[in-house]
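Colleague: Line by line, the protein sequences are chains V and W. Under the working numbering, the residue at position 52 of the first sequence is numbered 52, and the numbers go up by one with no gaps. Under the working numbering, the residue at position 187 of the second sequence is numbered 1187, and the numbers go up by one with no gaps. From the three backbone atoms N, C-alpha and C, an ideal C-beta is built for every residue, glycine too.
Protein chains: 2
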Amino acid sequence: MAEIPTAAISRLVTYLRILEQLETQDVSRTSSTDLAERAGVTAFQVRKDLAYFGRFGTRGMGYTVPILKRELVRVLGLNQTWNVVIVGVGRLGQAIANYPGASDYQFQYVGLFDVSPELVGRRVRDLTVQHISDLRDFVRDHRVDMGFLAVPPDRAQDAAQALVNAGVRGILNFAPVVIGPRPPEGRTAEGHSHNAAHALQESGDDWRGVIVENVDFLAGMKRLAFYILNPHLKDSPVPEDTA
Amino acid sequence: MAEIPTAAISRLVTYLRILEQLETQDVSRTSSTDLAERAGVTAFQVRKDLAYFGRFGTRGMGYTVPILKRELVRVLGLNQTWNVVIVGVGRLGQAIANYPGASDYQFQYVGLFDVSPELVGRRVRDLTVQHISDLRDFVRDHRVDMGFLAVPPDRAQDAAQALVNAGVRGILNFAPVVIGPRPPEGRTAEGHSHNAAHALQESGDDWRGVIVENVDFLAGMKRLAFYILNPHLKDSPVPEDTA
DNA sequence: CTATGTGAATGGGTTCACAGCT
DNA sequence: AGCTGTGAACCCATTCACATAG
């Protein structure tokens, strides 16, 4: 289905960041070689990635920083406002809410939700935490585009389903579990006989078209452990070609 | 270089998590089809991923949960102690330090480091924050395996270099920048601020062999924006085969 | 002579079909 | 029969060489 590699999108984000940095340093021009070196990939890769979306450079010259930056912003959809709710306002949720950089590019936190009575009603970063039962109406009334999911793992599937039911178009999942259209885990410790309890067909719970991206700190930690023990399996961050 | 796909390692972490969950539910047996459904991949994929590391199942029967779990723990290197330092103890660093789940599998936070006078000396999660200038000695004396990097983006490269110089074998980078063996960005007219620490030769100023994994929340947010606008480019989380 | 843009080749990862145990 | 394990086919992403434009 993917005519553009998903890895290319990740790299585009990196290129954009490098362009921002160059801009603050008043560097006005760059090249695929330069970008490649800074991004830790090859120059071929940079040119191919950019070519998926258009022709942004000048042959023999390279790229003009502000122009390429503007084009990448457009390609990535960062020239519009994104309304975001955070579900789960514990330590992690609050760290996310307060992390600088999200407000660049018009990502706006418009609502915070939790179930804990200790949190509901509290004020975090100029927003009042609401109970998750108010999520549905809120999403409808405020044109929420995406939800950031920062609840404990055992709550993640249900909270994700609530976001989908409410109508968000994307979920950034920080919980260390797979969320998705699976049936709500009806497999309690009940012997191993096939209790085919495929009950409950929810109402408008349609995951079709909902995008899920995962940001999984614990998984990263475990991958790191593995690659420390098996360094030869990792394409090292040592570039050395940028041909 | 990679005879085992890096994506396979990520999936192994997911399988392990599912097995843990099954174990808490007293489910003793599973199958590639079952794991596939829960992990959101195909059963082919599960079997192939496991086959990279051995033969863990019984033909005609499936997998025994505790056995497969034990084997994955071993494969991923989670049956040993990992000593971790956190560099950067702001909101994000503290959220990481307090996030539950890291202490499973013997990931132990043994040191916290920062440069801020407001933080150094403070106590966070039964550890006293130390100044980053003490990092080198600390890593040597405490056999630190990995560093979690949670400093602001403009400090990330230098802090990463400090970790490498100190001799850690892996870095989990939370900062939204590419860190690596590049020269320290001295591209603006800036006299060398004689960081006289030219102790670059003894232990390891060398990035060779150092593993870097990135956990980048802002990048995930931007990828999510892109895929919401271009849903057809994303292999959706809707499984539907698990053949 | 420079550096981009792109069709073609290469290579790696996923999918498949079936061989092999139970 | 049922389900794992695996060589082979397939497909997609990266790499390359070179045509193209400045």
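Taking its Cβ as the centre, do 16 or more other Cβ atoms sit within 10 Å of residue 1150 of chain W, making it buried, or is it exposed?
Modeller: Against the second sequence, residue 1150 of chain W aligns to sequence position 150. The residue is buried, with at least 16 neighbouring Cβ atoms inside 10 Å.
Colleague: Where DSSP assigns a beta bridge to residue 1114 of chain W, which residues make up the other side?
Modeller: For this step, residue 1114 of chain W is matched to residue 114 along the second sequence. DSSP, once it has assigned bridges, lists W:1131 as partnering residue 1114 of chain W.
Colleague: Tell me the DSSP secondary structure of residue 226 of chain V in three-state form.
Modeller: Locating residue 226 of chain V in the first sequence gives position 226, counting from the first residue. Reduced to three states, the DSSP call for residue 226 of chain V is helix.
Colleague: Can you give me the C-alpha to C-alpha distance between residue 1017 of chain W and residue 1094 of chain W, rounded to a whole angstrom?
Modeller: In the second sequence, residue 1017 of chain W corresponds to position 17, counting from 1. In the second sequence, residue 1094 of chain W corresponds to position 94, counting from 1. Each residue's alpha carbon lies about 24 angstroms from the other.
Colleague: Under 7 angstroms from any heavy atom of the ligand NAD, does the C-beta of residue 216 of chain V make it?
Modeller: No copy of the ligand NAD occurs in the structure displayed, which carries no ligand at all.
Colleague: Does residue 42 of chain V have its Cβ less than 8 angstroms from a Cβ in chain W?
Modeller: As a first step, residue 42 of chain V is located in the first sequence; it is residue number 42 there, counting from the start. No, no contact with chain W.
Colleague: So which residues on chain W does residue 10 of chain V lean against when the C-beta distance must stay under 8 angstroms?
Modeller: Position 10 of the first sequence, counted from the start, is the residue given in the question as residue 10 of chain V. Residues of chain W passing the Cβ test: 1219, 1223.
Colleague: Taking the beta carbon of residue 30 of chain V as the centre, do at least 16 other beta carbons fall within 10 Å, making it buried, or is it exposed?
Modeller: If you number the first sequence from 1, residue 30 of chain V lands on position 30. Classification of residue 30 of chain V: buried, given that the 10 Å Cβ count is 16 or more.
Colleague: Listed from N- to C-terminal order along the chain, which residues in the segment 28–56 of chain V have their beta-carbon within a distance smaller than 9 angstroms of any beta-carbon of chain W?
Modeller: For the segment 28–56 of chain V, which is checked against every Cβ of chain W, the residues closer than 9 angstroms are 37, 38, 39, 40.
Colleague: Enumerate, from N- to C-terminal direction, the unbroken beta strand (DSSP E) stretches of 3 or more residues contained entirely within the segment 61–95 of chain V.
Modeller: You should have 82–87.
Colleague: Count Cβ pairs between the segment 7–22 of chain V and the segment 55–70 of chain V that sit closer than 8 angstroms; are there 3 or more?
Modeller: They touch, by the three-pair rule.
Colleague: DSSP on residue 1018 of chain W, reduced to helix/strand/coil?
Modeller: On the second sequence, position 18 is the one that residue 1018 of chain W refers to. Helix at residue 1018 of chain W.
Colleague: To the nearest angstrom, how far is it from the Cα of residue 140 of chain V to the Cα of residue 83 of chain V?
Modeller: Your numbering for residue 140 of chain V matches position 140 in the first sequence. Your numbering for residue 83 of chain V matches position 83 in the first sequence. Roughly 12 angstroms between the two C-alpha positions.
Colleague: Name the two residues that bound the continuous alpha helix (DSSP H) containing residue 1046 of chain W.
Modeller: Looking up residue 1046 of chain W in the second sequence gives position 46. It spans 1043–1051 - the alpha helix (DSSP H) in which residue 1046 of chain W sits, taken as one unbroken run.
Colleague: Just to make sure I have the definition right: I need the residues of chain V whose C-beta is within less than 8 angstroms of the C-beta of residue 1231 of chain W. Which are they?
Modeller: What you label residue 1231 of chain W is simply residue 231 of the second sequence in a count that begins at 1. Those are 209, 211, listed as they occur along chain V.
Colleague: Any beta carbon of chain W sitting closer than 8 angstroms to that of residue 99 of chain V?
Modeller: Here the question's residue 99 of chain V lines up with position 99 in the first sequence. Yes, residue 99 of chain V lies at the interface with chain W (some Cβ there is under 8 angstroms from its Cβ).
Colleague: How should residue 157 of chain V be labelled, buried or exposed, when 16 other C-beta atoms within 10 angstroms of its C-beta is the threshold for buried?
Modeller: For the purposes of this step, residue 157 of chain V is identified with residue 157 of the first sequence, where counting begins at 1. It counts as buried.
Colleague: Helix, strand or coil for residue 1171 of chain W per DSSP?
Modeller: By 1-based counting over the second sequence, the position of residue 1171 of chain W is 171. Three-state DSSP puts residue 1171 of chain W in a strand.
Colleague: For residue 80 of chain V, count neighbouring C-beta atoms within 10 Å of its own C-beta (all shown protein chains included) and say buried if the count is 16 or more, exposed if not.
Modeller: Taking the first residue of the first sequence as position 1, residue 80 of chain V is located at position 80. Residue 80 of chain V should be labelled exposed.
Colleague: Mind checking whether residue 111 of chain V and residue 164 of chain V have CB atoms under 8 angstroms apart?
Modeller: Along the first sequence, read from residue 1 onward, the residue named residue 111 of chain V stands at position 111. Along the first sequence, read from residue 1 onward, the residue named residue 164 of chain V stands at position 164. No, these two residues do not count as a Cβ contact at 8 angstroms.
Colleague: Have a look at residue 228 of chain V and residue 1142 of chain W and give me their C-alpha separation to the nearest angstrom.
Modeller: Here residue 228 of chain V refers to the residue found at position 228 of the first sequence. Here residue 1142 of chain W refers to the residue found at position 142 of the second sequence. For residue 228 of chain V and residue 1142 of chain W, the distance between alpha carbons rounds to 17 angstroms.
Colleague: In angstroms with no decimal places, state the Cα-to-Cα distance between residue 134 of chain V and residue 223 of chain V.
Modeller: Translated into positions along the first sequence, residue 134 of chain V becomes position 134. Translated into positions along the first sequence, residue 223 of chain V becomes position 223. Using only the alpha carbons, I get a separation of about 37 angstroms.
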